[in-house]
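Please read the structure below before turning to the comments.
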Amino acid sequence: MTSLAVALHALAALLWVGGMAFAYMFLRPSLPPLAAAERLGLWRRLFGRFLPAVGGAILVLLVTGYWLFLGAGISGGHVHLMQALGWLMFLLYGHLVGAPWKRFRNAVDDGDVQAAAAHLESIRRTIAINLVLGVVVVAVGASGRYW
Numbered sequence: 000m001t002s003l004a005v006a007l008h009a010l011a012a013l014l015w016v017g018g019m020a021f022a023y024m025f026l027r028p029s030l031p032p033l034a035a036a037e038r039l040g041l042w043r044r045l046f047g048r049f050l051p052a053v054g055g056a057i058l059v060l061l062v063t064g065y066w067l068f069l070g071a072g073i074s075g076g077h078v079h080l081m082q083a084l085g086w087l088m089f090l091l092y093g094h095l096v097g098a099p100w101k102r103f104r105n106a107v108d109d110g111d112v113q114a115a116a117a118h119l120e121s122i123r124r125t126i127a128i129n130l131v132l133g134v135v136v137v138a139v140g141a142s143g144r145y146w
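Listed below in C-alpha cells is the structure:
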C-alpha cells in the first residue's frame, strides 16, 4: 500500500508541477504570434481544463501525503518542509481559482480583452510563485530521505 501511495503522490505532483512548467515555460513564450483575443481564448480553455485537474491532484496529494505521514510513519525534516510548502501552494491555488481565474474567465467570456489581459498577468505571477515552490517540493521529496 505504501508504494501505491508514493506512486499516486508523485503522479499528482507531476501533473500539477509539470503542467505549470509546460504552461509557463513552453506555451506562454509560443503565443505572441496569436492575436490577443485568440491568446486569451486559448488560456481560458487551457485553465478551464487544467485547474480542475489540479484540484483533483491536490486531493490526491493530501490523502496520500497524510496517509504516508500518519499511516505509514514516514517522517523527517523533509516531510515537514514538503508539508509546509505544499500548504502554501494549496492556498495560492485556492486564491488563484477564487479570484484572478474567476475574473479572467468572466472577462474573456464578456469579450473584455483589456481586463482579461490584466487578470492573466495576476494568474501568471501566482503560477510563477507556485512553480518555484513546486520545483523545491519535488527536489525535497526526491532527495530528502538522503539528508
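Quick note on numbering that gives the first Met the number 0: the sequence shown kicks off at 0 and runs consecutively.
A virtual CB, placed ideally from N, CA and C, is assigned to each residue, including glycine.
All figures in this text were calculated on a predicted structure; none of them were measured in a lab.
Nearest to Val-112 by C-alpha distance, out of Leu-87, Arg-38, Gly-85 and Leu-45, is Arg-38. Leu-67 and Ala-20 have their alpha carbons spaced roughly 26 Å apart. For Ile-73, the three-state secondary structure derived from DSSP is coil.
Shown here, Met-19 sits in a helix according to DSSP, grouped into three states. Between His-77 and His-118, the alpha-carbon positions lie close to 35 Å from each other.
With contacts defined by Cβ atoms closer than 8 Å, Val-137 and Ala-11 do not form a contacting pair.
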